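As they're listed, the protein sequences go chains A and B. Throughout the first sequence, residue numbering follows the numbering used here, covering 3 to 299 in sequence. Throughout the second sequence, residue numbering follows the numbering used here, covering 1024 to 1298 in sequence. We put the beta carbon where it would ideally sit given N, CA and C, even for glycine. All figures in this text were calculated on a predicted structure; none of them were measured in a lab. Below is one structure, written out as structure tokens, with a few remarks after it.
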Amino acid sequence: MQEERFPGHPFLPYLLILPSVAVIVIFLVVPFIQSARGSFFMTSAFGTRTIYVGLRNYIALFHSSYYLHSVLTTLIFAGFVIIIGLAISLAIGLLLNQKIRWQGFYQVALIWTYALSPAVAGTIWALMFAPATGIVPFVVARLFGGYVLNWMTDGQVALLVVSAAATWKMLGYNIIFFLAGLQNIPKELLEAARVDGAGPWRVFWKITFPMLSPTTTFLLFVNMLYAFFQVFGLIDIMTQGGPGNATNILVYKLYRDAFIYMNSGSADAQSVIIFIVIAAAAVVQLRVATRKAVYAR
Amino acid sequence: MTRKTRNKVLTHTILITLVLIIAFPVIYALITSTLSFKQTYAYPPQLIPGTQLWQNIVAAWNRASLGRLFLNSSLISIVVAIVKIVLSLMAAFAYTHFRFRGRSLLFPMTMVTQMLPLPVRILPTYQLMADFHWINSYYALMFPFFASTTGILLFRQFFMTVPRDLSDAARVDGTSPMRYFFQILIPISKTNIAALFVIEFIFMWSQYLWPLIITTTKNMRVIQIGIKMLLASEQQVPEWNVIMAGAIIAMLPPLVVLVLLRKSFAQGIAMQSEK
């Protein structure tokens, strides 16, 4: 427990936290409450009146095949980004976490994608997959006897390309945190297991992986936020939700409903649904993080 | 060869392959940025660098007024990073060095911050900016980003490890808390400050959705939107050479920040995941 280090300053701590509390309340909490409130209203056709509609915005969403399709697309996309991304990053982290030469070089050469923005990543992948001119359709056509890979017309290919681009951009970030987590595992523990005759595979599953669980849970949460929201720029640059609605993930649908179709009640309801999912994930993440703290001390 | 050397050779081979695979998209983008328009549509795709890099950079720069957008992005990224660092330092100092009513609310508050990313409050925040008459201004680009969970938790973690003797000695000497904060606590937090700067600069530089909706004139756009403008320009087919030149301009500042501050950044991250 922290003790008071400077007694006799009753007002100072309030002054110190005031700016943080103010920005959180004004720009986060109050707008969110308004989102929640707005989700129970509907704006009339000419935007002149707002009408209380109870849960009708929510009911309409769950009856809309567009929305349900968007939910499914988001789950597939996020699942790909999280599972494939974390698996590859953990494997690279394990490779890097050895006594090898040029370790500094490898670290920089493997984490730099963290500095790219989703929009830049999307632009570069759009170039690589550009139908007719890009390098990837060219190689695919050569390898598979003239198969025409066109992600601008094939929805499934589009979703796959967008997911791969988003995963690639996040590799750097994930490797950074896995490496930090791996380096915090006590060496004696791994040594003891090895002396007891456990093979590398067993050591990994019985010691390394469980000891990494706080890092893994944290990354699960961050990657989820990334796949839900931060990829907006990547989607907007690459596919704008298309072709059809094949890559129309929730955040993109929300943006369109809010700012292009001006359907504010529905957009607010979508905001609230996303919040509930994020909040649930945040609570789970916190549970795991605190359990570790108890376990370690 | 002994087994050990063979393993080492294998590890290096795998790592170098991985480095190349991960770098390939950017290498391809770099090559494309040096080609002429005609070369970008050559069949088979050309993988040998051309000589048009400078012309492409100039074309991208002029076409989307990237100079102005570059300045806008730099300004908001630096200011937001600094404000977030200052606010988090202050809050973490209060949290770890004082006892006050409502102190126990600070942790739940940071948790709530994590749960409220922009999309879950996007319409009311937009409305708030309209009420403040901030649409299409730097204020609107920056203010909604000033809350920082990462920063508060990072500095809290670090301040808790600062030995009590340090603050006790300061207090016995009659040093005021604020003086202790500025002259002792902040200087020893340099590594964490640098780490947080990297995180927040990259975060802000990458923003796309909020600048897209909150800015309405060309001179208030940010560089990420500039790339989109290059992609969507009047041409029938994308001018990939010019677009890639723009993309490279947009990716340089955060890369430079990461590479320059990588040591502090790595230490800061290591400390944070120690918990």
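Residues of the same chain with a CB within less than 6 Å of the CB of Ser1287 (chain B), apart from the 5 flanking positions on each side, are Thr1214, Ala1217 and Ala1218 in chain order.
Note on geometry: alpha-carbon atoms of Ile1225 (chain B) and Phe1116 (chain B) lie some 25 Å from one another.
For Trp127 (chain A), the C-beta contacts it makes with chain B under 7 Å involve Pro1048, in order along the chain. Rounded to whole angstroms, the separation of the alpha carbons of Phe223 (chain A) and Gln287 (chain A) is 7 Å. The beta carbon of Arg144 (chain A) sits closer than 8 Å to none of the beta carbons in its chain outside the five residues before and after it.
Residue B:Thr1238 holds the alpha-carbon nearest to the alpha-carbon of Ala1153 (chain B) among B:Thr1238, B:Leu1129, B:Val1102 and B:Tyr1118. Annotation: the stretch 69 to 127 of chain A contains no complete segment of the beta strand (DSSP E) (minimum length 3 residues). Between Ala1083 (chain B) and Leu1089 (chain B), the gap from beta carbon to beta carbon is short of 7 Å.
Residue pairing from DSSP leaves Tyr1231 (chain B) without any beta-bridge partner.
The three-state secondary structure of Thr45 (chain A), taken from DSSP, is strand.
Judged by DSSP secondary structure, Ile1272 (chain B) falls outside any beta strand (DSSP E) and instead within the alpha helix (DSSP H) spanning Trp1263 to Leu1283. Residue environment for Val1049 (chain B): buried (at least 16 other C-beta atoms within 10 angstroms of its C-beta). Cβ neighbours of Arg1179 (chain B) within its own chain (closer than 7 Å, five residues either side excluded): Ala1115, Tyr1118 and Thr1119. Taken through DSSP and simplified to helix, strand or coil, Thr1198 (chain B) comes out as coil.
Collapsing the DSSP output to three states places Tyr1149 (chain B) in a helix.
For Phe1116 (chain B), the chain A residues whose C-beta falls within less than 7 Å of its own C-beta are Leu18, listed in chain order. Residues of the same chain with a CB within less than 6 Å of the CB of Gly1249 (chain B), apart from the 5 flanking positions on each side, are Ala1087, Leu1089 and Leu1092 in chain order. The beta carbon of Ala291 (chain A) sits closer than 6 Å to the beta carbons of Pro216 from its chain, once the five residues preceding and following it are set aside; these are given in chain order. By the rule that beta-carbons nearer than 7 Å mark a contact, Arg58 (chain A) does not touch chain B. Linking Ile53 (chain A) to Ile61 (chain A) through their CA atoms gives a straight-line distance of about 16 Å.
Straight-line spacing of the CA atoms in Met240 (chain A) and Ile1039 (chain B) works out to 29 Å.
For Glu193 (chain A), none of the residues of chain B pass the 8 Å Cβ criterion, the least Cβ distance being about 17 Å. Segment contact: the stretch 1181 to 1192 of chain B against the stretch 1227 to 1238 of chain B, fewer than three CB-CB distances shorter than 8 Å; contact not assigned.
Going by beta carbons, Phe277 (chain A) and Val1143 (chain B) fall inside the 7 Å limit. In the DSSP assignment, Thr52 (chain A) falls within the unbroken beta strand (DSSP E) covering Thr52 to Tyr54.
Less than 7 Å separates the beta-carbon of Ser1171 (chain B) from that of Ser1111 (chain B). Within the stretch 1224 to 1248 of chain B, the residues whose Cβ lies closer than 7 Å to some Cβ of chain A are Ile1225, Trp1228, Ser1229, Tyr1231, Leu1232, Ile1236 and Gln1247, listed in chain order. Per the Cβ contact rule, the stretch 190 to 204 of chain A is not in contact with the stretch 254 to 274 of chain A (fewer than 3 Cβ pairs under 8 Å).
The three-state reading of DSSP puts Asp270 (chain A) in helix, counting H, G and I together. By the rule that beta-carbons nearer than 7 Å mark a contact, Thr135 (chain A) touches chain B. Closer than 9 Å at the C-beta level to chain B, one finds these residues of the stretch 229 to 254 of chain A: Phe230, Phe231, Gln232, Phe234, Gly235, Leu236, Asp238, Ile239, Leu252 and Val253. Rounded to the nearest whole angstrom, the CA to CA distance from Phe211 (chain A) to Leu1041 (chain B) is 22 Å.
Ranked by how close their Cα comes to the Cα of Lys189 (chain A), the residues A:Thr125, A:Phe140 and A:Lys101 have A:Lys101 in first place.
Taking 9 Å as the upper bound on Cβ-Cβ separation, chain A lies near residues Thr1063, Tyr1064, Ala1065, Tyr1066, Pro1067, Pro1068 and Leu1070 of the stretch 1057 to 1078 of chain B. Residues of chain B with a Cβ closer than 7 Å to the Cβ of Leu112 (chain A) are, in chain order, Leu1041, Val1042 and Ile1045. If you draw a straight line from the Cα of Leu1139 (chain B) to the Cα of Ala1046 (chain B), it comes to about 34 Å.
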